[in-house]
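Residue numbers for the sequence shown follow the UniProt record's numbering, so the first one is 1 and each next one is one higher. Positions of the beta carbon are idealized from the N, C-alpha and C atoms, including for glycine.
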Amino acid sequence: MDIVLIAGLWLDGSAWDGVASALEPLGHRPIPLTLPGQGDGSGSATFDDQVAAVLAAVDSASGRPMVVGHSAACTLAWLAADARPERVATVALIGGFPSGDGEVYADFLPIEAGAMPFPGWGPFEGRTPPTSTSRPGSGSPPPPSRCPRPWPAAWCG
């Protein structure tokens, strides 16, 4: 199964490296996304640009992919499933908070010049920054080998 992997705020597709390498031997094809404005050098990317990138990944997937959203990207995962219900097989949310209709998306930090700049790790004191994908609590999703069977593509933490 193709699995579209969407990392949370300020993270690029490399946040999924440990997960992707664990999915491949299980016969899955991971599709880790680097969203517009998150590590690609674009300072003008919009939320709509990010939704379009996720939909493009869903549309290019083989068969009906699973779409996985991490943190703030859970909203993007739900929007993709809502826009392409016939294309998305299932959605998995990791540490997220999907927004409902009319709710502000990720309003927990200030917007400056139309963007939510990375504030440094201070606001996240006491939490381990996402520098490792090898252990739970590292800020990145754990690989599927840490999950109970028979759900090889599920994540647990």
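Helix, strand or coil: how does DSSP classify residue i here?
i: residue 32; result: strand
i: residue 12; result: coil
i: residue 69; result: strand
i: residue 138; result: Reliability of the predicted coordinates at residue 138 is poor, the pLDDT of 43 falling under 50, and no value is obtained from them.
i: residue 156; result: With a pLDDT of 38 at residue 156, under the threshold of 50, the modelled position of this residue cannot be trusted; read the value that follows with caution. Coil, per DSSP.
i: residue 132; result: In this predicted model, residue 132 has a pLDDT of only 39, less than 50, meaning its place in the structure is not dependable enough to derive any value.
i: residue 109; result: coil
i: residue 40; result: coil
i: residue 92; result: strand
i: residue 148; result: Interpretation of residue 148 is limited by its pLDDT of 41, a score under 50 that renders its predicted location unreliable; the figure taken from the coordinates is listed afterwards. Reduced to three states, the DSSP call for residue 148 is coil.
i: residue 101; result: coil
Is the CB of residue i under 8 Å away from at least one CB in chain B?
i: residue 77; result: Protein chain content of the structure displayed is limited to a single chain, and chain B is not contained in it.
Quick check on residue i: buried or exposed, where buried means 16 or more other Cβ atoms within 10 Å of its Cβ?
i: residue 111; result: exposed
i: residue 109; result: exposed
i: residue 32; result: buried
i: residue 53; result: buried
i: residue 113; result: exposed
i: residue 85; result: exposed
i: residue 150; result: Confidence is the limiting factor: at residue 150 the pLDDT is only 39, short of 50, which leaves the residue's position unreliable, though a coordinate-based value still follows. The residue is exposed, with fewer than 16 neighbouring Cβ atoms inside 10 Å.
i: residue 102; result: exposed
Cα separation between residue i and residue j?
i: residue 134; j: residue 22; result: With a pLDDT of 39 at residue 134, under the threshold of 50, the modelled position of this residue cannot be trusted; read the value that follows with caution. Between residue 134 and residue 22, the C-alpha separation is close to 10 Å.
i: residue 50; j: residue 75; result: 11 Å
i: residue 88; j: residue 67; result: 7 Å
i: residue 77; j: residue 26; result: 22 Å
i: residue 123; j: residue 55; result: 31 Å
i: residue 93; j: residue 73; result: 9 Å
i: residue 120; j: residue 9; result: 12 Å
i: residue 116; j: residue 79; result: 20 Å
i: residue 82; j: residue 118; result: 28 Å
i: residue 91; j: residue 71; result: 13 Å
i: residue 57; j: residue 35; result: 11 Å
i: residue 24; j: residue 14; result: 15 Å
Can you round the beta-carbon distance between residue i and residue j to whole angstroms, since I take them to be within the 8 Å contact cut?
i: residue 6; j: residue 30; result: Actually they do not touch by this definition, with Cβ atoms about 11 Å apart.
i: residue 96; j: residue 69; result: 6 Å
Open item on the list: Does the region 15-28 come into contact with the region 45-63, if we say contact requires no fewer than three beta-carbon pairs (one atom in each stretch) closer than 8 Å?
Closed with: no
Task: Three or more C-beta pairs below 8 Å linking the region 35-43 and the region 57-67 - done: no
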